Each structure stands twice: as structure tokens, then as C-alpha cells.
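As given, the protein sequences belong to chains A and B, one line each in that order. FYI, the numbering for the first sequence is 1 to 342, going by my numbering. FYI, the numbering for the second sequence is 1 to 342, going by my numbering. Glycine included, C-beta positions come from ideal geometry on N, C-alpha and C. On a predicted model such as this, the values are computed, not experimentally measured, just so you know.
2 protein chains.
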Amino acid sequence: MATLKDIAAELGLSPATVSRALNGFPEVNARTKEKVESAAKRLNYRPNKTAQRLVSGKSGMIGVVLMADKNRTADQTFFEVTGGLSRHLAEQDRDLIFQVDISDDPVAPYKRLVEKSAVDGFIIQGPSRNDARIAYLQEIGMPFVVHGKAEVGPVDYAFYDIDNISAARDASRLLTDLGHRRIAFLNGLQDRAFARDRRRGFQQSCIEAGIENPDKWILFGPQTPQFGYSGAEEFLSRSEPPTAFLCASTLAAQGVSDYLKKNGLSCPTDVSIVAHDDAIVTARAIEFDPPLTVTRSPMRDACKPLADIMGQLLNGANPKDLQITSSAELIVRSSTRSAPLI
Amino acid sequence: MATLKDIAAELGLSPATVSRALNGFPEVNARTKEKVESAAKRLNYRPNKTAQRLVSGKSGMIGVVLMADKNRTADQTFFEVTGGLSRHLAEQDRDLIFQVDISDDPVAPYKRLVEKSAVDGFIIQGPSRNDARIAYLQEIGMPFVVHGKAEVGPVDYAFYDIDNISAARDASRLLTDLGHRRIAFLNGLQDRAFARDRRRGFQQSCIEAGIENPDKWILFGPQTPQFGYSGAEEFLSRSEPPTAFLCASTLAAQGVSDYLKKNGLSCPTDVSIVAHDDAIVTARAIEFDPPLTVTRSPMRDACKPLADIMGQLLNGANPKDLQITSSAELIVRSSTRSAPLI
DNA sequence: TCAACAATTCAAAACGTTTTGAATAATTTA
DNA sequence: TAAATTATTCAAAACGTTTTGAATTGTTGA
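Following this line, the structure appears as C-alpha cells:
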């Protein structure tokens with residue numbers, strides 16, 4: 001591998017000049033620059049990243065950690081995002097270090113990468129309330145971007161999130177507008193920030209529609225077909241069964257749909273279904289029978305903003321200026337209809 | 001962050017001695033070593049990885065590349081392995097760089113990481129015949145381990161693979177022993193090495209059982225429920241429908257099972273099903289109705305051997321000594337029964 | 001007591017860059 | 001033509017380790 005010195009020796013220049021020439025510094029003579037560039041190409045020169053890192057103090061790496069505990073359910077969406085992230089970081093000539101954690105301490109893998117000085121920053125997925133990881137990274141001053149916003153009020157870190165309150169409100173408002181009054185909500189895991197926000201949105205539209213005690217219509221759980229199935233079972237065996245389901249993911253909606261079919265109930269005639277659609281491949285809303293009404297905001301769409309935010313953060317931007325909340329669009333398909341007369 | 005120099009200054013030693021003390025060299029005085037170690041702990045010293053890399057010429061990183069083209073199907077198993085890999089590499093104090101490729105050239109992302117001197121080696125998943133990535137890495141002398149063996153005969157690179165020929169042979173032999181003579185095989189994508197081997201195993205047992213022209217019973221495709229469903233449809237609408245299905249994955253088996261249910265066919269009374277089980281979470285063989293007979297070899301099990309092989313490779317071992325073929329075990333459950341009398 | 005040897009430690013070089021401060025060459029101004 | 005600028009280049013230091021070869025100290029044997 002050719003080094004700066006090799007080029008310098010070849011042209012009778014100093015490494016300093018060669019370095020400047022290749023990095024486009026203005027003070028280097030045009031002719032010299034030309035010669036250096038052609039020599040670099042001829043010798044197939046590639047700057048040694050490690051050396052650059054040593055002097056710059058940056059690693060050029062971004063850490064992404066997956067907690068491989070029980071909720072394997074997160075995997076699908078997690079990887080969807082991680083994959084896209086890797087692509088967009090590559091555009092900034094950064095790379096993604098991927099680490100899977102098995103320990104009980106959620107902070108441990110972050111600590112490990114920090115202490116190895118392996119990364120310049122982290123992207124945190126699936127934040128919870130009072131997230132220990134966020135606290136740790138803030139304490140040591142390590143840059144990070146959160147996918148999803150953990151707290152309710154204003155925060156001082158960078159994040160990209162969708163407006164979960166509005167999404168849930170829009171979805172359940174559609175149902176109340178159609179006359180539904182008994183709406184079951186299969187929400188995400190209770191400790192997740194997005195689940196808290198969606199609950200809030202659901203409550204808001206319930207209040208608007210004069211529905212009492214919305215909380216008794218909410219079930220928290222992992223977003224899987226199994227959860228959807230058992231949730232449908234539970235709600236529909238109540239004395240006052242729901243006429244509609246709101247699901248936090250198309251995966252849960254799949255379970256609900258399966259349960260309805262198995263029990264001779266028709267969607268949308270007997271029961272309407274609305275889901276939030278992350279646009280993950282394994283449960284496409286449009287391929288449901290009937291096609292599913294959703295609030296849609298593809299997970300994929302988060303990748304580029306997250307990577308961009310990280311880039312700006314590492315260029316010294318203020319985290320408070322890097323807070324993006326995007327909104328989900330409501331797409332009405334065939335799984336929703338007026339509430340049946342009772 | 002404390003450096004070697006800081007410790008040296010603190011104790012009135014040279015950085016060289018401190019370095020040796022911390023790296024357990026024998027020539028350093030026991031008392032000195034003790035003092036150095038306690039000082040290191042007190043100052044919370046962590047060696048700077050980048051500096052170590054510069055001098056050692058190693059990056060401590062292993063590259064894993066996902067080709068994000070059409071066959072999204074690979075994702076599930078890919079991530080299963082990648083996750084485990086990250087864990088086991090961490091045990092060697094190595095990290096995993098994860099890169100997603102979108103270009104048409106399968107070699108491009110490897111080249112990119114190589115030219116940045118970002119990694120010490122690669123782990124290649126889903127090899128195909130005459131894989132260009134393997135050719136490239138061999139040409140430039142970059143260490144790599146292949147998950148799955150690409151060629152038929154002996155090869156000179158390190159790999160971990162399961163014995164696909166035997167797995168397919170065992171599975172189809174089970175069916176022929178039960179009297180089945182019309183066995184449909186929903187195999188993997190035709191360019192994949194494992195699909196070629198399984199075809200071979202299938203052919204072997206067909207020949208043993210006196211079944212003619214086995215190839216007309218094979219369909220190649222992505223291992224998805226959709227493929228299973230359409231494959232079942234195609235085969236069962238033939239004039240001589242199969243009495244059994246052999247699937248390359250439980251995902252395809254799911255599609256077959258769905259098709260049977262939808263069309264009033266019973267498994268195992270009308271049709272038997274055997275699948276190869278990678279033990280991925282989204283399609284558990286044991287949760288099928290009825291529980292699925294499989295040849296089982298969990299994807300997860302590949303992670304540790306792959307990481308170990310990589311470790312040895314980087315320690316200078318000969319790739320030819322690092323070739324592991326493990327065998328899948330046949331687990332008979334309730335989805336297989338004697339062929340129906342015709 | 002002196003040489004021979006082993007046990008420790010050290011200074012300096014190396015890895016390949018970037019950056020600093022100074023030096024040289026080229027050009028302009030007076 | 002000398003002085004003052006400006007444009008260009010350079011040598012050396014820096015980043016934080018590891019490794020090399022030499023130097024120092026301590027110990028043993030004669």
C-alpha cells in the first residue's frame with residue numbers, strides 16, 4: 001500500500017505538501033496539486049484510515065446496539081432501520097458498528113464501545129422512559145440520536161420521531177366518526193415511549209367522542225400476531241365486545257384478522273380494524289384481506305434523517321436544533337366501516 | 001483520558017515499561033507491574049484502540065455485508081446469524097462492521113471496506129457458485145470465512161456449512177420409506193449452493209426408491225410463505241398430485257400448510273410435509289398444526305463456529321484446516337404419515 | 001574486587017497521517 | 001534596487017501505542 005511518504009519521495013516533495021494537495025488546501029500550487037493527484041492515482045494511494053483517526057481523534061464509526069432479550073419482536077423493525085442507516089452513513093463515509101447485547105445491563109454494551117473509543121456516536125432505538133442509556137451518554141458527553149422520543153415534554157437531545165399522539169388520535173377518530181363506541185386498542189409494550197404517546201392520542205379522541213374510561217379498552221403487549229390473536233380473543237369474549245380494533249402494528253392486526261376469520265366474524269362488516277403501519281415487509285397492510293386502513297409512516301423513512309442528524313451532530317451542531325417529528329398519514333382502505341347497529 | 005505517558009510520568013517510568021507491564025511481558029519486575037496496574041486502574045486508563053491499530057496494522061473489525069436487493073427473504077436468517085456473530089466476536093474483543101449494499105456489483109461494498117483498510121476479515125453469507133466476492137478476497141489475500149460452502153468439490157477457503165446433501169436425503173428418504181412416491185420439493189433459489197446440494201440429496205433418495213425423473217418434482221424459489229403457497233397450488237393441480245412436500249424452510253412449509261387448509265386437505269392424512277428447520281423465530285416447526293417433521297440445524301449454531309474460525313484465521317491458521325461441515329438431525333413429528341392408498 | 005551474566009529499564013524509532021510554525025521562493029511595491 | 005508582500009514549501013511535532021536495540025542495575029561466581 002502506497003503511503004503519503006511514498007508519493008512525497010516520488011515527487012521530491014514533503015509529506016506535508018502532499019497531504020495538503022490531496023485534501024484540497026488552497027495554498028498549494030496548482031501544478032503541484034496536479035502532479036500529486038496523478039501520482040496518487042498512479043500509485044493507487046488510499047489514505048490510511050487508522051492514521052487519520054489517530055490524529056483526528058475520531059473513529060468514523062457509529063454504534064448501533066440491539067438488546068437481544070426476550071422481545072425478539074423488535075428485530076424486524078430494528079433491522080429495517082439498521083440496514084438503511086448503514087447505507088446512509090456510508091454516504092458520509094462513516095461505518096456502522098453493530099453490537100448485540102445479552103447482558104442484563106442495557107448500558108454495558110455502550111460502555112464497552114465507549115471505553116474502547118470505538119465510536120464517535122450512537123443511534124439509540126426503542127427508547128424507554130428514563131432510559132439509562134440516554135442518561136449515560138449524556139453524562140459522558142457522547143453524541144447520540146434517538147429514534148423515537150422518550151420523554152413527554154421538551155428534551156435536550158437530538159431525535160427523530162413520528163407524532164404518535166396524532167397518529168393514534170387520527171386513527172381512533174376515524175373510528176369514532178364511523179360511529180364506533182367500543183374500540184379496543186392493542187398497544188405496544190407499556191414501557192415504550194411510543195406506546196405512552198399513542199395511549200394519549202387514543203384517550204384524546206375518546207374524550208372528544210364522549211367515550212368513558214378509555215383505559216379499560218387498552219391492552220399493552222409485544223407487537224406480534226400472537227398478541228393480536230390473544231388480544232382479540234380477550235376483548236371479543238367480554239360482555240360488551242368491541243366493534244373495532246386499533247392496533248399498534250400490522251403484525252398485531254394480522255393476529256386480530258386471523259382470530260376473526262377463525263371465529264366466523266367478518267371485517268369490516270362485524271369488526272373494523274385500523275393499524276399503524278411501519279411498512280415492514282412481513283405484514284403488508286395492502287395485502288390484508290380486506291386491505292387494511294392504516295396510519296402509515298415507514299420505518300425506512302427514519303434512516304436518512306437519523307443519519308443526517310448524526311452527521312450534523314458530529315459537525316458540532318446543537319442537539320436541540322436536531323429534533324424532528326414527522327407525522328403519519330391516514331390511509332383509508334377497506335377494513336373500516338360504520339359501526340354495526342346493536 | 002489517561003494515556004500511557006501519563007502513567008509513566010506518574011510513576012517515573014518510561015512508556016515502554018508501562019506498556020510491557022500492562023501487556024503482561026515477563027521481563028518486567030513484579031513490584032513494578034503491580035504499581036503500574038494500580039496506577040492504571042486509579043487513572044482509569046484505557047488503551048487507545050486507534051493507536052494500537054496503527055502500530056499493529058490490524059483494525060479489530062470484521063465486515064459483514066448484506067446485499068439488499070430483491071431477495072429480502074434472506075433477511076431473517078441473515079440477521080439471526082449476524083446478531084450471534086456480533087456477540088461471539090465481542091468475546092474476542094473484535095467488532096462487527098455492518099454494511100448494506102445497494103449497488104449491482106456484489107464486490108463493491110467489500111472493496112470499499114478493504115480500501116479503507118477498515119476490516120481484518122469478512123464473513124460471507126449466502127455464497128453462490130463462482131462467487132465473485134470469494135474470488136476477489138482470495139485475490140487480494142484478505143481473510144474470510146464462508147457461511148455455507150459454495151463449490152461441490154474440495155475448496156481452499158475456510159467455511160462452516162451443514163451437510164445439505166444428507167439433510168435432503170434423510171428427509172426425502174423418510175418419505176419414501178413411508179411409501180410416498182410423488183414427492184414435491186420446494187427448494188431454495190437456484191443459484192444458491194445449498195439448493196444445489198439439497199437437490200443432489202433429493203435425487204439420491206429418489207434413485208434409491210426407484211423414482212424417475214426427480215427433477216420434475218423440484219421447484220426453486222425464495223423461501224417464503226408465498227412461495228410455499230403458490231408451489232403447493234402448482235403441484236397439487238397437476239394430474240398426478242404429490243402426496244408429500246419437502247420444503248427447504250419452515251417458511252415455505254407455512255405456505256404449503258396454509259394452502260392445504262384453505263383447500264380442505266389434511267396434513268398428514270392427505271399430504272405429508274417435511275421441512276428443513278433453521279430454527280428462526282417467525283416460523284417455529286413445533287408450533288405448526290400439526291407439529292412439523294423437520295431436519296433441524298439452527299442458524300444460531302453457526303455463529304460461534306464462524307466467529308471461532310475467523311479468530312483462528314487471523315491468528316495465522318491455514319484456511320484448509322478450518323472447514324467444518326455439521327449435520328442436521330431428523331426430528332419426526334406429526335406432519336408425516338404413510339402415503340395414502342390411491 | 002572484577003568480570004560475567006541476568007534482570008530490568010530506557011530512549012528512540014516506528015506506524016501514517018495532520019497541523020504548526022518557520023523557511024524559502026516568487027512577486028509586488030516603493 | 002531594496003523592501004515588503006505573497007505564494008509556496010518544508011521540517012518537525014503531534015496523535016498513543018508497540019517494538020527494537022541499547023543501557024543500566026543487580027546478582028553471581030571466581
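query	result
Which bits of chain A does B/Gly201 rub up against, with CB to CB less than 8 Å?	Going along chain A, no residue has its Cβ under 8 Å from B/Gly201, so there is no contact; the nearest lies around 29 Å.
Helix, strand or coil for B/Thr224 per DSSP?	coil
Give me whichever residues DSSP pairs with B/Tyr160 in a beta bridge.	B/His147, B/Ile324
Is the shortest distance between the beta-carbon of B/Ala345 and the beta-carbons of chain A less than 8 Å?	Summary: the structure shown does not reach residue 345 of chain B, with chain B confined to residues 1 through 342, and so no result is reported for it.
Here's a check: name, in chain order, each residue in its chain whose Cβ is nearer than 8 Å to the Cβ of B/Arg129, leaving out the five neighbours to either side.	Ala150, Glu151, Asp191, Ala193, Arg196
Given that a residue counts as buried once 16 or more other Cβ atoms are within 10 Å of its Cβ, and exposed if not, what is A/Leu341?	exposed
Run down chain A in chain order and give the residues with a C-beta less than 9 Å from the C-beta of B/Phe144.	Neighbours of B/Phe144 on chain A: none; closest Cβ ~18 Å, over 9 Å.
Find out if the Cβ-Cβ distance for the pair B/Leu96, B/Ile62 is shorter than 8 Å.	yes
Using Cβ-Cβ distances below 9 Å, what residues of the region 90-105 of chain B are close to chain A?	Ala90, Asp93, Asp95, Leu96, Ile97, Phe98, Gln99, Val100, Asp101, Ile102
Would you please verify whether the beta carbon of A/Lys116 is less than 8 Å from any beta carbon of chain B?	yes
Does A/Val294 have its Cβ less than 8 Å from a Cβ in chain B?	no
Taking the C-alpha atoms as reference points, what is the distance between A/Thr50 and B/Lys41?	26 Å
Does any CB atom of chain A fall closer than 8 Å to the CB of B/Gly83?	yes
With DSSP collapsed to three states, give me the class of A/Thr336.	coil
Helix, strand or coil: how does DSSP classify A/Ala74 here?	Low per-residue confidence applies at A/Ala74: pLDDT is 49, beneath 50, and the placement is therefore not dependable enough to give any value.
Name the DSSP bridge partner or partners of A/Thr293?	A/Val274
Would you say B/Ala252 faces chain A, with C-beta separation under 8 Å as the test?	no
If the criterion is Cβ atoms closer than 8 Å, does the pair B/Leu246 and B/Gly228 meet it?	no
I think B/Gly121 touches B/Pro143, with their Cβ atoms under 8 Å apart; what is that distance to the nearest whole Å?	4 Å
Does DSSP classify B/Arg129 as helix, strand or coil?	coil
Could you check whether the region 311-327 of chain A touches the region 271-289 of chain A, counting it as contact only if at least three pairs of C-beta atoms, one from each stretch, sit closer than 8 Å?	no
Are the beta-carbon atoms of A/Leu260 and A/Val271 separated by less than 8 Å?	yes
Could you work out which residues of chain B lie near A/Asn48, taking near to mean beta carbons separated by less than 7 Å?	Ser117
Run through DSSP, which three-state label would A/Cys206 get?	helix
List the residues that DSSP assigns as beta-bridge partners of A/Gln99.	A/Val65
What first and last residue would you give for the alpha helix (DSSP H) that runs through B/Ala30?	30-42
Across the region 160-175 of chain B and the region 132-148 of chain B, are there enough close Cβ pairs to call them in contact, namely three or more that are closer than 8 Å?	yes
How many Å lie between A/Thr176 and A/Pro222 at the Cα?	25 Å
Within the continuous alpha helix (DSSP H) that includes A/Ile309, where are the two ends?	300-314
For the alpha helix (DSSP H) containing B/Ile7, name the first residue and the last one.	4-11
Can you tell which of A/Ser205, A/Leu22, A/Arg173 has its C-alpha closest to the C-alpha of A/Leu330?	A/Arg173
Can you list, in chain order, the residues of the region 57-71 of chain B whose Cβ is nearer than 7 Å to any Cβ on chain A?	Ser59, Leu66, Ala68
In whole angstroms, what separates the C-alpha of B/Asp170 from that of B/Pro214?	16 Å
Buried or exposed for A/Gln138, going by 16 or more other Cβ atoms inside 10 Å?	exposed
Could you give the distance in angstroms between the alpha-carbon of A/Ser327 and the alpha-carbon of A/Arg198?	13 Å
Quick check on A/Ser205: buried or exposed, where buried means 16 or more other Cβ atoms within 10 Å of its Cβ?	buried
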